[in-house]
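Everything on this sheet refers to the single structure shown next.
Residue numbers (the working numbering), protein chains in the order written: chain W, 1 to 292; chain F, 293 to 700.
What follows is the structure in structure tokens.
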């Protein structure tokens, strides 16, 4: 694409990690889930706990591509109350003390469409957001938003799926920016387990067609699974497994139990440890070499 | 066909857009499947044997053509325009939904799919889908809101008899919107063997076009039948609108007949000025949901609102994208009728014509009752009686404070 974003907090982070020969850990939480206070605690703790990239869910009433875990977390956030401005406000506050960790927003198009694609892109850039993933905007429909994102130096991150065939993949890669997010399972988030050999074969095939970093998400739940993926992928995304800890740690009125933030962050530390040590010591993986 | 600019009938464009509306707003996992459906549909349209097979099933299985009936007593009652009913409630399964299901099941068969999923509101589409799945020996899973299961029990039982697996969706308002979310999630997870048989003229391209094409048999028959009955085209067509499949099927063959007035009746629930209605055009704004851009009931922040209608088939916060476009073009007038107005029309039709209509077309009839008295006796109205009311007797009894089964 013309005028694509070539230099950003996100590209710098991937370059740094490439030098260290390790993958990025991308952690997903939903903004204001289960309430603004716990969300802010998590946001504050994630960089130290080892999240290399923070993905924030912008809740939508009808999250069609998400499984039960993220659906519940979206519902909780909507009950707690959350607008696009709330999400951007939290990012802007974070940027006062954390300048290096990229933040990408994940959501569905309608709230952004209502906000205004131009207005949203400008506000997101001002808040210190680095990229967006809009689940229901395939390349065919994305330009309405993407040209505003590019004008504000924001990445639009596209998904490639197991169903994305050879004829279609170039179209997705042509639009991709920041990194390519490979959906590791045929299904919604958090419902199936990713098959490591299938995923590594697809990632290896995609490497031949793009220089962009390749991330893998959907169906990765444990530090061990994250470590396996981190051997060949440039980024590993964990969402539902983190969100489930929140689901299990609140009462019927969405009040967090004492120590919930620490439990979530401890899990992130485990994941980070798995990702950071994935390529150390063990047998050298043929496809290693984060990057093209 | 060359003079495309003078027609309302050449949409959508290659990307599935009707002007601002329509499109393919789906997750990447589904995108290749939707493209595959589009290719398969184009192939089928180019294959005369497909049309022939569909035609045969329409005649011998669905019972088409459905009659055009002169509703003499209602005409007398309203004392104005001459009112005709297009009797699509006489189709096999009791509504217009079979028109679309026959077309799509033959498409799914061509594609080699073995498992069919569908969403349903009133259960009419679910029943029609379960019916064609039984006929063609395909596995059938129907997603239905828990609230709709409660108010449409007869249809749930029918689907079970037909061998379908009816899955209750408890989330949100537990109606059609959530059923569609769940069907889309199922499809993402079962892409290899599954065909999603969408029941209304909405969703990602090419579904709005496919459903419209299969439902257009309604309007095509009306053209011929009215020509035979009155020797001319009708003056006004009226149809109810949830997603809008029966309406687009009636309207589409007449879009370029500028003298024919087209009226779509949305469900106003407890009133357009309340928050409890399902009138996406009268009370909504453009937005993106379920794979297409269209008019939606939504909050300022873009969260989708729950719809409300006494009629489960109209209880949806969106509308098909071609309707959204026709509204913007000013070609079709979109109006609304409340729960109470529909209930009154339901009873009136039962008593005067001996036809118990579904609650959905009762909305259309209510509007016919508003305009007919003001029109002259040679004004021809056709209303699509798109479903029969057997499924609604419990809901209506409840609304009227009567207990069904308690013989007095």
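Just so it is clear, CB atoms sit at the ideal spot from N, CA and C, and this is done for glycine as well.
At the level of alpha carbons, what is the spacing between residue i and residue j?
i                     : j                     : result
residue 14 (chain W)  : residue 213 (chain W) : 7 Å
residue 197 (chain W) : residue 241 (chain W) : 21 Å
residue 460 (chain F) : residue 539 (chain F) : 28 Å
residue 418 (chain F) : residue 408 (chain F) : 11 Å
residue 138 (chain W) : residue 544 (chain F) : 29 Å
residue 692 (chain F) : residue 155 (chain W) : 57 Å
residue 74 (chain W)  : residue 64 (chain W)  : 12 Å
residue 315 (chain F) : residue 259 (chain W) : 46 Å
residue 129 (chain W) : residue 120 (chain W) : 11 Å
residue 683 (chain F) : residue 615 (chain F) : 27 Å
residue 359 (chain F) : residue 106 (chain W) : 52 Å
residue 12 (chain W)  : residue 54 (chain W)  : 15 Å
residue 91 (chain W)  : residue 480 (chain F) : 32 Å
residue 311 (chain F) : residue 300 (chain F) : 11 Å
residue 252 (chain W) : residue 582 (chain F) : 30 Å
residue 680 (chain F) : residue 602 (chain F) : 15 Å
residue 223 (chain W) : residue 652 (chain F) : 53 Å
residue 115 (chain W) : residue 593 (chain F) : 7 Å
residue 276 (chain W) : residue 200 (chain W) : 18 Å
residue 700 (chain F) : residue 690 (chain F) : Annotation note: pLDDT 41 at residue 700 (chain F) (below 50); position unreliable, no value reported.
residue 412 (chain F) : residue 157 (chain W) : 34 Å
residue 709 (chain F) : residue 548 (chain F) : The shown model of chain F, from 293 to 700, leaves out residue 709 (chain F), and the question about it has no answer.
residue 290 (chain W) : residue 24 (chain W)  : Only weak support exists for where residue 290 (chain W) lies, its pLDDT of 38 falling under 50; the value from the coordinates is given anyway. Residue 290 (chain W) and residue 24 (chain W): Cα-Cα distance of roughly 10 Å.
Using the rule of at least 16 other Cβ atoms within 10 Å of the residue's Cβ for burial, across every protein chain shown, is residue i buried or exposed?
i                     : result
residue 374 (chain F) : buried
residue 617 (chain F) : buried
residue 101 (chain W) : buried
residue 97 (chain W)  : exposed
residue 48 (chain W)  : exposed
residue 20 (chain W)  : exposed
residue 348 (chain F) : exposed
residue 62 (chain W)  : buried
residue 83 (chain W)  : buried
residue 595 (chain F) : buried
residue 532 (chain F) : buried
residue 337 (chain F) : exposed
residue 433 (chain F) : buried
residue 452 (chain F) : exposed
residue 622 (chain F) : exposed
residue 414 (chain F) : buried
Since residue i and residue j should fall inside the 8 Å C-beta cutoff, what is the C-beta to C-beta distance between them, to a whole number of angstroms?
i                     : j                     : result
residue 568 (chain F) : residue 372 (chain F) : Going by Cβ atoms, the distance from residue 568 (chain F) to residue 372 (chain F) rounds to 32 Å, so no, they are not a contact pair.
residue 571 (chain F) : residue 534 (chain F) : Actually they do not touch by this definition, with Cβ atoms about 10 Å apart.
residue 420 (chain F) : residue 390 (chain F) : 5 Å
residue 29 (chain W)  : residue 243 (chain W) : 7 Å
residue 676 (chain F) : residue 650 (chain F) : So it is not a contact: roughly 11 Å between Cβ atoms.
residue 230 (chain W) : residue 178 (chain W) : Actually they do not touch by this definition, with Cβ atoms about 18 Å apart.
residue 363 (chain F) : residue 353 (chain F) : Not a contact, Cβ separation roughly 27 Å.
residue 528 (chain F) : residue 555 (chain F) : 7 Å
Would DSSP call residue i helix, strand or coil?
i                     : result
residue 492 (chain F) : coil
residue 316 (chain F) : strand
residue 686 (chain F) : helix
residue 675 (chain F) : strand
residue 450 (chain F) : helix
residue 117 (chain W) : helix
residue 584 (chain F) : strand
residue 200 (chain W) : helix
residue 457 (chain F) : strand
residue 245 (chain W) : helix
residue 349 (chain F) : helix
residue 256 (chain W) : strand
residue 374 (chain F) : strand
residue 659 (chain F) : helix
residue 240 (chain W) : helix
residue 714 (chain F) : No answer is possible for residue 714 (chain F): the residues shown for chain F start at 293 and end at 700.
residue 556 (chain F) : strand
residue 152 (chain W) : coil
residue 280 (chain W) : coil
CB of residue i to nearest heavy atom of the ligand GDP: below 7 Å?
i                     : result
residue 122 (chain W) : Because no ligand of any kind appears in the structure shown, any question about the ligand GDP cannot be addressed here.
Tell me, please, whether the stretch 183 to 194 of chain W touches the stretch 58 to 70 of chain W by the rule of three or more beta-carbon pairs shorter than 8 Å. Yes, the stretch 183 to 194 of chain W touches the stretch 58 to 70 of chain W.
Between the stretch 314 to 330 of chain F and chain B, which residues of the former have CB atoms less than 8 Å from a CB of the latter, in chain order? Absent from the structure: chain B. Protein chains present are W and F.
Is the stretch 312 to 328 of chain F in contact with the stretch 492 to 504 of chain F, if contact means three or more CB pairs nearer than 8 Å? Contact holds: three or more Cβ-Cβ distances are below 8 Å.
Stretch pair the stretch 469 to 477 of chain F + the stretch 425 to 439 of chain F: three plus CB contacts closer than 8 Å: Taking one beta carbon from each stretch, the stretch 469 to 477 of chain F and the stretch 425 to 439 of chain F have 3 or more pairs nearer than 8 Å; the two touch.
Taking one C-beta from the stretch 217 to 224 of chain W and one from the stretch 166 to 178 of chain W each time, how about it: are there three or more such pairs within less than 8 Å? The stretch 217 to 224 of chain W is not in contact with the stretch 166 to 178 of chain W.
Measuring CB atoms only, is the stretch 628 to 638 of chain F touching the stretch 483 to 494 of chain F, in the sense that at least three cross pairs come out at less than 8 Å? Contact fails: fewer than three Cβ-Cβ distances are below 8 Å.
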